[in-house]
Amino acid sequence: MPKYELETMRHSASHVMAEAVMRLFPDAKLGIGPAIEDGFYYDFDLPRSLTEDDLEKILELMKESIKAKVPFEREEISRQEAERLFADQPYKLELLRDLPEDVPISIYRHGSFVDLCRGPHVENTGDLRWDSIALQSIAGAYWRGDEKRPMLQRIYGTLWHSKQELRDYLARLEELAKRDHRWLGRDLDLFSLHEEAGAGLVYWHPKGGRVRTIIEDYWRKRHVEGGYDIVYSPHIGRSWLWETSGHLDFYHDSMYAPMDIDGQDYYLKPMNCPFHIMIYRSRTRSYRDLPLRWAELGTVYRYERSGVLHGLLRVRGFTQDDAHIICTPEQIEDEILGVLRFPGHVASHGLCRCGRLPVDAARKGGGRALPVGSGDAVTATRPGDRRADMRWMRGGAFYGPKIDLKIRDALGREWQMTTIQFDFNEPERFDMVYVGDDGQEHRPYMVHRALLGSIERFFGLLIEHYGGAFPVWMAPVQAVIIPITDRHVAFGREVESKLRAAGLRAELDASNDRMNAKIRAAQLNKVPYMLVIGDREVEDGAVSVRLRSGEDLGAMPVEAFLSGAKAIDDARDNQRLWKAEA
RNA sequence: GCCCACGUAGCUCAGACGGUAGAGCACGUUCUUGGUAAGGACGUGGUCACGGGUUCAAUUCCCGUCGUGGGCUCCA
């Protein structure tokens, strides 16, 4: 058993690092320095920018401190003493002043370094191992996460129990980085982005297009089965639409500048909802029509600040798998539960964990004045309440409580995918009504929901999830036919058309590379099946099947491969069935 | 948007006190016709991101813009 929790050691390491920085920059102002998931950081206000060389020096100084086994000493002091002690540390003073009155002020010293800190820490710096610490990067970070406050320099470090653990961790990071969709997308010829054609705009290549088609076909099929109707709407709309929805007021920073058409302002759509509402308003609706479930693969354009764009995961034009459910207050619970149970398969990992919060919130709130939610549910008050609107917007919710689902990428960052959001605002703004069984007009409830989130982001994470090796049913190329010499190409074409006729995405590699090179190319493209054909196969009407796992299944008649591959396709499990058959 | 770094062939990268550049892979031609992860030869390919400035001369130095990477803030 290690003597200390990693968290304690990491926090101590951040103090040791801060001490080292203070020795290099005696005038440094200290921010905060907590332990984080895999390491620690410390924020500094320094007279100049740090460089990679500085990191080496800092690590050297940390090493000295660790070798000297300097004891950590805890001390509780009065507020006045603390203010005196940190008189030249404005950020510490600010933290101090924000501490509640009844909290005792504790400080930790080791050597000449002293920090306002709750602890705990290791006994002495010698409890850390200098060879299991790495300083990873220098980054900018706003003081207290507020972009209006000064930007400090943050040093990220990582610490483990042993040198080996550190090595393993760094190796793991490298391994994960290999799954990065940005490089896989290029190597597998799935998509591209072009600086000269505009940042954050995605070009889907034929192979990426195949995967997207499969995702969309699947999406459409499940939605129709799930009681949704598919709708289509324009990409631009007159300013009236956005004024009415409120987007022009509250979402303005994310919208592109208007274009003048015959003296009228038109805007690229950042959202699909107002269009679906227009469809709703196109005729009188009865309670007998509800619930309405309208889905659209709607492409939206949003201005994103330049620093936040990231491959497919954060772009400026993307397609949402958007849907709006318009229902009566009585139907809302069933509708939400229906979404939570939605047989989305590809998107539904973890959906069930979301609980019943919004349903309860909606019920308690009666749909007009809502209680404050917790977690990711966003506060909502009255429709039309400007302050509340703005808060929802800033919080990322349009108009009410929501459920969000986040998935981590290869680099460990979280990205929002699924979102389910109540909207008590737009029905009001657009004066949506239905005629109830009492003959009176009533206000319907509206739910926005996207399961995949955006097709682009979903695809990016899908690439990383599979490391580019898509399961057979999604693979852009399912089988590559590899003739050994030119005289086998003719038979190769026959096989190719047979497979294609059977619905398989097969391609013939007729290049004049050697077979080995063709196999290598297919491997690198992560093609599930490689079908080698030479003299023996031509004679027998067979193919030799190699899997991307490297397994060689030997020769089999083309029909046998076909039925096997189709069965595999149906089972959505490429390798196992083959092994069972083999 | 902010902090730091970066931008040389499609990709990965060399390179030069400032005197307009090179490799491997990819691509093309060609020889080779090969049994499960790279056969050989030859060749095409670059306004050294873009725009200014300094200079006899800028891809190299300075400034700006655009873009990329890692963070922060923000978000599907």
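Under our numbering, the first sequence has 270 at position 285, and the numbering climbs by one with no breaks.
C-beta: ideal position from N, C-alpha, C; glycine also.
Would a C-beta distance cut-off of 8 Å place residue i and residue j closer than the cut-off?
| i | j | result |
| --- | --- | --- |
| arginine 434 | valine 300 | no |
| histidine 106 | threonine 229 | no |
| alanine 13 | valine 6 | yes |
| isoleucine 448 | histidine 166 | yes |
| leucine 137 | aspartate 28 | yes |
| threonine 403 | leucine 436 | yes |
| histidine 309 | lysine 254 | no |
| tyrosine 272 | methionine 417 | no |
| alanine 487 | lysine 551 | yes |
| alanine 182 | leucine 151 | no |
Out of the options, state which residue places its alpha-carbon closest to the alpha-carbon of residue i.
| i | options | result |
| --- | --- | --- |
| arginine 533 | Val465, Asp525, Gly445, Tyr288 | Val465 |
| glycine 185 | Asp274, Arg287, Ala20, Arg278 | Arg287 |
| arginine 521 | Ala487, Lys483, Arg472, Arg478 | Arg472 |
| phenylalanine 303 | Arg442, Glu201, Tyr76, Arg531 | Arg442 |
| aspartate 87 | Glu61, His295, His95, Ser97 | Glu61 |
| aspartate 250 | Pro276, Met240, His295, Gly222 | Gly222 |
| leucine 226 | Met244, Arg207, Ile199, Cys258 | Cys258 |
| glutamate 281 | Leu161, Pro243, Lys206 | Lys206 |
| alanine 53 | Asp112, Pro32, Tyr451, Ala67 | Asp112 |
| valine 432 | Gln425, Asn410, Phe415 | Asn410 |
| leucine 297 | His232, Leu169, Arg270, Arg33 | Leu169 |
| glutamate 171 | Ala156, Pro191, Leu155, Leu161 | The residue you asked about is not glutamate; residue 171 is arginine in the sequence shown. For arginine 171, the nearest C-alpha among the options comes from Pro191. |
Who are the near neighbours of residue i in its chain, counting only those whose CB is closer than 6 Å to its CB and skipping five residues on each side?
| i | result |
| --- | --- |
| valine 1 | Met47, Ser50, Thr110 |
| alanine 567 | Unreliable placement is indicated for alanine 567, whose pLDDT of 33 sits below 50; the coordinate value is still reported in the next sentence. Contacts found: Leu538. |
| valine 571 | Residue 571 falls outside the range modelled here, since the chain spans only -14 to 567, and no answer is possible. |
| glycine 193 | Leu175, Phe176 |
| lysine 503 | Ile467, Asp494 |
| proline 56 | Asn109 |
| glycine 452 | Arg164 |
| valine 474 | Pro468, Ala495 |
Identify, in the order they occur along the chain, each residue of the same chain with its Cβ nearer than 7 Å to the Cβ of residue i, setting aside the five sequence neighbours on each side.
| i | result |
| --- | --- |
| arginine 59 | Ser91, Tyr93, Gly104 |
| tyrosine 141 | Gly24, Tyr26, Gln121, Ser122, Ala124 |
| alanine 527 | Ala540, Met541, Pro542, Val543 |
| arginine 393 | Glu399 |
| proline 135 | Asp30, Trp128 |
| valine 285 | Lys254, Pro255, Met256, Asn257, Phe303, Gln305 |
| arginine 414 | Thr229, Ser230, Gly231 |
When the Cα atoms are used, what is the spatial distance from residue i to residue j?
| i | j | result |
| --- | --- | --- |
| arginine 290 | glycine 535 | 44 Å |
| serine 117 | methionine 500 | 46 Å |
| glycine 397 | tyrosine 127 | 21 Å |
| serine 439 | glutamate 159 | 27 Å |
| arginine -5 | serine 177 | 40 Å |
| aspartate 422 | threonine 313 | 12 Å |
| arginine 64 | proline 89 | 8 Å |
| glutamate 4 | lysine -12 | 23 Å |
| histidine 261 | serine 218 | 8 Å |
| proline 19 | leucine 80 | 14 Å |
| valine 344 | glutamate 180 | Model confidence at valine 344 stands at a pLDDT of 42, short of 50, so the residue's coordinates are unreliable; what they give is reported in the following sentence. So the alpha carbons of these two residues sit roughly 44 Å apart. |
| arginine 573 | serine 97 | Because residue 573 is not part of the residues shown, which for the chain are -14 to 567, the question remains open. |
| serine 482 | phenylalanine 476 | 10 Å |
| cysteine 337 | phenylalanine 444 | Confidence at cysteine 337 is low in this model, with a pLDDT of 30, below 50, so the placement of that residue should be treated as unreliable; the coordinate-derived value is given next. Straight-line Cα distance between these residues: approximately 22 Å. |
| glutamate 201 | phenylalanine 546 | 27 Å |
| glutamate 66 | aspartate 83 | 16 Å |
| leucine -9 | cysteine 102 | 17 Å |
| proline 569 | proline 32 | Absent from the model: residue 569. The displayed extent of the chain is -14 to 567, so no value can be given. |
| valine 457 | glycine 283 | 27 Å |
| leucine 78 | alanine 156 | 40 Å |
| proline 85 | glutamate 426 | 52 Å |
| histidine 334 | serine 224 | Low per-residue confidence applies at histidine 334: pLDDT is 37, beneath 50, and the placement is therefore not dependable, though the value from the model is reported in the following sentence. Cα-Cα distance, rounded: 38 Å. |
| leucine 572 | isoleucine 17 | Because the chain here runs from -14 to 567, residue 572 falls outside it and cannot be looked at. |
Excluding the 5 residues preceding and the 5 following residue i in the sequence, name in chain order all residues of the same chain whose CB lies nearer than 8 Å to its CB.
| i | result |
| --- | --- |
| leucine 9 | Asp39, Lys42, Ile43, Leu46 |
| aspartate 525 | Ala540, Pro542 |
| aspartate 498 | Ala506 |
| leucine 509 | Asp172 |
| arginine 268 | none |
Am I right that residue i and residue j are in contact with their C-beta atoms under 8 Å? What's the rounded C-beta distance?
| i | j | result |
| --- | --- | --- |
| alanine 395 | arginine 114 | About 28 Å; that fails the 8 Å criterion. |
| aspartate 319 | arginine 278 | Contact flag wrong, Cβ pair sits at about 12 Å. |
| tryptophan 189 | aspartate 306 | Not a contact, Cβ separation roughly 16 Å. |
| leucine 275 | proline 412 | That pair is no contact at about 12 Å. |
| lysine 387 | isoleucine 405 | 6 Å |
| methionine 515 | valine 196 | Not quite, the Cβ-Cβ distance comes to about 20 Å (not below 8 Å), so this is no contact. |
| glutamine 74 | leucine 15 | 6 Å |
| histidine 232 | methionine 244 | Actually they do not touch by this definition, with Cβ atoms about 16 Å apart. |
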